[in-house]
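Q: Heads up: the sequence lines are chains X and B, in that order. Throughout the first sequence, residue numbering follows this note's numbering, covering 1 to 180 in sequence. Throughout the second sequence, residue numbering follows this note's numbering, covering 1001 to 1144 in sequence. Just so it is clear, CB atoms sit at the ideal spot from N, CA and C, and this is done for glycine as well. I'd like to ask you about the structure that follows.
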Amino acid sequence: MVRLSRLQRAAPLLMAVVLASATTACTHRTSQGATVALDPDQDDGLGGTGIESGDVRAAADQIARALLKDNRPTKVAILPVENHTRFRIDAALVHDHLTHDLSRHSRGRFGVVQVKRGQQPTTAQAVLRTDLRSLTKERGDTTSDYVTYFFALEDPEDGSVLWTGMYETKRRSDVDVVYR
Amino acid sequence: MTRLLSASLLVALAALGGGCAMAKEARLGLEEGVQPRYVERITSEVGGPVEIHCGIGEACVEVKVVHVQRDLEGGVEVTLQNRTESAVAVQLSLEGFDDKRRRTDRSGFHDVVLAPRGQQVLALATAVENDDVLVLHLRPRVGA
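Laid out in structure tokens, this is it:
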């Protein structure tokens, strides 16, 4: 009977370990762990029918671009956003994105004045008012929400409307989510 | 037995080093062959050329860019057509590049929802100059 050396006896196990390591090394290096970083323009997959990060970004981007294209350079005061929807979100998200996108796209042509709640814009030649509103329908577990983002550029002297913009979404889902 | 062990060690080392990258390159190349990237070049009546880029080519087969209209002030209107018999949702982003391939503008992704066999227009004001190359990025809107 041939006696096996210690190395020969351990060889099958060693080979298995080495090949398993090689296979593991060839999995996706760029895949993510338990916490997944998401593109804020993409849906998070949690469901719900309300305001998404992509809506905040798209609405601000679209409206800032349209406002700059359609109006002569001026000093705009951005009023605090009024959120009348059933979704409990920090409306300053929309306000901050609008301020950022207006500043970024105008490249200094438009002056942007931030107005805090309760303050009156004193130096602006126009004020931008933003209202978020929603229409909700439910049947059983299914909910649909129509959400509008209304933007109005107004003359601070007499309140006349100089320009308007609208962004809207409508979504239906069987998955209800909680906004915190 | 010692030789076999040495050989498997060599294979593993190759896989851990350059071999794995090569194997992955081949596999991803094959996957891209089955599901190719989609790039289409079209011309609009006003302005420079327009390129349509699709990471997932299938999305650009289901939803076609049927018309791109540019105006002299940077305004862009993209008309999309749903070729399927289901309602679909895609996301569209715009980029502009000058003749030195420097980016002149980049928008975020905007949702476009299309009824079955329907058309929808996305209008966006841009800082893209008239002669710049306009690049449209189209991707499916992945939802829950």
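Evaluate V1050(B) with the Cβ neighbour count: other Cβ atoms within 10 Å of its Cβ, from every protein chain shown; 16 or more gives buried, anything less gives exposed.
A: Residue numbering aside, residue 1050(B) sits at position 50 when the second sequence is read from its first letter. Classification of V1050(B): buried, given that the 10 Å Cβ count is 16 or more.
Q: Please list the partners that K1024(B) has in chain X, where partner means a Cβ-to-Cβ separation under 7 Å.
A: For the purposes of this step, residue 1024(B) is taken as the residue at position 24 of the second sequence. Near K1024(B) (Cβ distances below 7 Å), the residues of chain X are C26.
Q: Name the DSSP beta bridge partners of S1093(B), please?
A: Here residue 1093(B) corresponds to residue number 93 of the second sequence, with the count starting at 1. DSSP lists H1137(B) as partners of S1093(B).
Q: Work out the CA separation of L1028(B) and K102(X) for me, nearest whole Å.
A: Reading the first sequence from its first residue, position 102 is the one you call residue 102(X). Reading the second sequence from its first residue, position 28 is the one you call residue 1028(B). Correcting the residue type first, residue 102(X) is Leu in the shown sequence and not Lys. Each residue's alpha carbon lies about 41 Å from the other.
Q: Of the residues N1082(B), G1057(B) and S1044(B), which one's Cα is nearest the Cα of R1117(B)?
A: Within the second sequence, residue 1117(B) is the residue found at index 117, counting from 1. The shortest Cα separation from R1117(B) among N1082(B), G1057(B) and S1044(B) belongs to N1082(B).
Q: Under 7 Å Cβ-Cβ, which residues of chain X neighbour F1097(B)?
A: Here the question's residue 1097(B) lines up with position 97 in the second sequence. Going along chain X, no residue has its Cβ under 7 Å from F1097(B), so there is no contact; the nearest lies around 17 Å.
Q: Spell out the partners DSSP gives T1039(B) in its beta bridges.
A: Sequence index remark: in the second sequence, residue 1039(B) carries index 39 (1-based). According to the sequence as given, residue 1039(B) is Val; it is not Thr. H1053(B), per the DSSP bridge assignment.
Q: For my contact list, C1054(B) and L1138(B) are in at a C-beta cut-off of 8 Å; report their separation, rounded to the angstrom.
A: As a working note, residue 1054(B) is residue 54 in the second sequence. As a working note, residue 1138(B) is residue 138 in the second sequence. Contact holds; Cβ gap of about 5 Å.
Q: Is H100(X) close to chain B? Criterion is C-beta to C-beta, closer than 8 Å.
A: Here residue 100(X) refers to the residue found at position 100 of the first sequence. H100(X) does not count as touching chain B.
Q: So, with DSSP's three-state summary, where would you put E1031(B)?
A: Residue numbering aside, residue 1031(B) sits at position 31 when the second sequence is read from its first letter. Correct three-state label for E1031(B): helix.
Q: Output the residue ranges of the alpha helix (DSSP H) runs that lie fully inside the region 57–133 of chain X and measure 4 residues or longer, sorted by chain position.
A: DSSP runs (the alpha helix (DSSP H)) wholly in the region 57–133 of chain X: 92–106.
Q: May I ask you to report which of helix, strand or coil DSSP gives S31(X)?
A: Translated into positions along the first sequence, residue 31(X) becomes position 31. DSSP places S31(X) in coil when its eight states are reduced to three.
Q: Could you tell me which chain X residues have their CB closer than 9 Å to the CB of E1073(B), listed as they occur along the chain?
A: In the second sequence, residue 1073(B) corresponds to position 73, counting from 1. Per Cβ cutoff of 9 Å: K69.
Q: With a cut-off of 8 Å, does the C-beta of G165(X) fall near any C-beta of chain B?
A: Position 165 of the first sequence, counted from the first residue, corresponds to residue 165(X). Judged by the 8 Å Cβ criterion, G165(X) is not in contact with chain B.
Q: Beta-carbon of A37(X) versus every beta-carbon of chain B: anything under 8 Å?
A: Taking the first residue of the first sequence as position 1, residue 37(X) is located at position 37. Taking Cβ atoms only, chain B never reaches closer than 8 Å to A37(X), which makes this a no.
Q: Just checking: is the beta-carbon of G33(X) within a distance shorter than 8 Å of some beta-carbon in chain B?
A: Start at 1 with the first residue of the first sequence, and residue 33(X) comes out as number 33. Not an interface residue.
Q: Going along chain B, which residues have a C-beta under 8 Å from C105(X)?
A: The residue given as residue 105(X) occupies position 105 in the first sequence. According to the sequence as given, residue 105(X) is His; it is not Cys. Chain B residues near H105(X): A1127.
Q: Tell me whether the region 23–42 of chain X and the region 127–136 of chain X touch, counting them as touching only if at least three CB pairs, one residue from each stretch, are closer than 8 Å.
A: Contact fails: fewer than three Cβ-Cβ distances are below 8 Å.
Q: Since M166(X) sits in a beta bridge, which residues does DSSP pair it with?
A: For the purposes of this step, residue 166(X) is taken as residue 166 along the first sequence, with counting starting at 1. Answer by DSSP bridge pairing, in chain order: F150(X).
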